[in-house]
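Chemist:
Residue numbers (my numbering): 4 to 236.
1) Buried or exposed: residue 109, going by 16 or more other Cβ atoms within 10 Å of its Cβ?
2) Cutting at 6 Å between CB atoms, please list the residues of its own chain near residue 219, excluding the five before and the five after it.
3) For residue 62 and residue 49, what's the separation of their Cα atoms in angstroms?
4) Could you check the C-alpha separation between residue 127 and residue 152 for me, to the nearest Å?
5) Measure the CB-CB distance between residue 6 and residue 91 and report whether it falls below 7 Å.
6) Going along the chain, which residues of its own chain have a beta-carbon closer than 6 Å to the beta-carbon of residue 88, five neighbours each way excluded?
7) Taking residue 65 and residue 35 to be in contact with their CB atoms under 8 Å, please state how far apart those CB atoms are, rounded to whole angstroms.
8) Between which two residues does the beta strand (DSSP E) carrying residue 76 extend?
9) Skipping 5 residues on each side, what residues in its chain have a beta carbon closer than 7 Å to that of residue 38?
10) Ignoring anything shorter than 3 residues, give me the beta strand (DSSP E) runs that lie fully in the stretch 106–142, in order along the chain.
11) Output the residue ranges of the alpha helix (DSSP H) runs that lie fully inside the stretch 55–104 and measure 4 residues or longer, sorted by chain position.
12) Within the continuous beta strand (DSSP E) that includes residue 146, where are the two ends?
13) Identify the residues that DSSP records as bridge partners of residue 25: which are they?
14) Under three-state DSSP, which class holds residue 14?
15) So the candidates are 81, 103 and 94; which of them puts its Cα closest to the Cα of residue 72?
16) Identify, in the order they occur along the chain, each residue of the same chain with its Cβ nearer than 8 Å to the Cβ of residue 204, setting aside the five sequence neighbours on each side.
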């Protein structure tokens, strides 16, 4: 569905993440596109022309939408597709200063990220939900707000490193080892034990640590949690 063929945006859905947590703040709107939707598209999203008749046009929500995304990092699955449509909507209004949102936001494409991490595998949103254990049972049709909520969970799983805590009686992937599902007995160390020796990191180790944090930040598209806590303190 190339935007050059006159296709228009009919729904926008965004959720806000701050400090790797959903804030509860979101932007969601259906739009009147002033044209009929293709039958194939309706089969994907289920949004009919009659449903959109009384909905606002993009011009009516453009300022509010721009305010919501300005200065943010936009995390989008298949970003080139969405960004092309958003840019086109602003261009149709003659708002050429907003017709390239990459000048006002940073953009992270989770599809490109997934292809890099899982080459040769299916990397649709549904496939990623299954891979990372995100419940998408309510996703019978494509919906902008629901998809953004699912993508937020997928993104946090993709960039969060270890997603399960391996405890006694469980393997590295959280699966049970053998038939015995009982955890190990807790061993109390005697109070009279000789205290352990404190070994401080060398300058070289600290440099390697910072290099590792920078690599994590580059991969995740934002500062590592360790850096965020350090800056907060």
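Here a beta-carbon is modelled for each residue, glycine too, at the ideal position from N, C-alpha and C.
Modeler: By the coordinates alone:
1) The residue you call residue 109 lines up with position 106 of the chain shown. With fewer than 16 Cβ atoms within 10 Å of its Cβ, residue 109 is classed as exposed.
2) To locate residue 219, count along the chain shown from 1; it is residue 216. Sequence-distant Cβ neighbours of residue 219 in its own chain, meaning closer than 6 Å and more than five residues away, are 227.
3) Here residue 62 refers to the residue found at position 59 when the chain shown is read from its first residue. Here residue 49 refers to the residue found at position 46 when the chain shown is read from its first residue. Taking the straight line joining both Cα atoms gives about 23 Å.
4) Against the chain shown, residue 127 aligns to sequence position 124. Against the chain shown, residue 152 aligns to sequence position 149. So the two alpha carbons sit approximately 15 Å from each other.
5) Your numbering for residue 6 matches position 3 in the chain shown. Your numbering for residue 91 matches position 88 in the chain shown. Yes, the Cβ-Cβ distance between residue 6 and residue 91 is below 7 Å.
6) In the chain shown, residue 88 corresponds to position 85, counting from 1. The residues are 6 and 12.
7) Position 62 of the chain shown, counted from the first residue, corresponds to residue 65. Position 32 of the chain shown, counted from the first residue, corresponds to residue 35. With 8 Å as the limit, residue 65 and residue 35 do not qualify as a contact, their Cβ atoms being about 13 Å apart.
8) As a working mapping, residue 76 is identified with position 73 in the chain shown. Looking at the DSSP string, the run of the beta strand (DSSP E) that includes residue 76 is 76–79.
9) Residue numbering aside, residue 38 sits at position 35 when the chain shown is read from its first letter. Hits under 7 Å: 9 and 11.
10) If we require 3 residues or more, the beta strand (DSSP E) runs fully inside the stretch 106–142 come out as 109–112.
11) List check, alpha helix (DSSP H) in window: 61–72 and 82–95.
12) Within the chain shown, numbered from 1, the residue matching residue 146 stands at position 143. For residue 146, no beta strand (DSSP E) segment is defined, and its DSSP state is neither H nor E.
13) Position 22 of the chain shown, counted from the first residue, corresponds to residue 25. Note: residue 25 sits in a beta bridge opposite 20.
14) By one-based count along the chain shown, residue 14 stands at place 11. If DSSP states are grouped into helix, strand and coil, residue 14 belongs with the strands.
15) Within the chain shown, the letter at position 69 stands for residue 72. The residue with the shortest Cα to Cα distance from residue 72 is 103.
16) Counting from one through the chain shown, the residue named residue 204 turns up at place 201. Apart from the 5 residues on each side of it in sequence, residue 204 sits with its Cβ closer than 8 Å to the Cβ of 212 in its chain, given in chain order.
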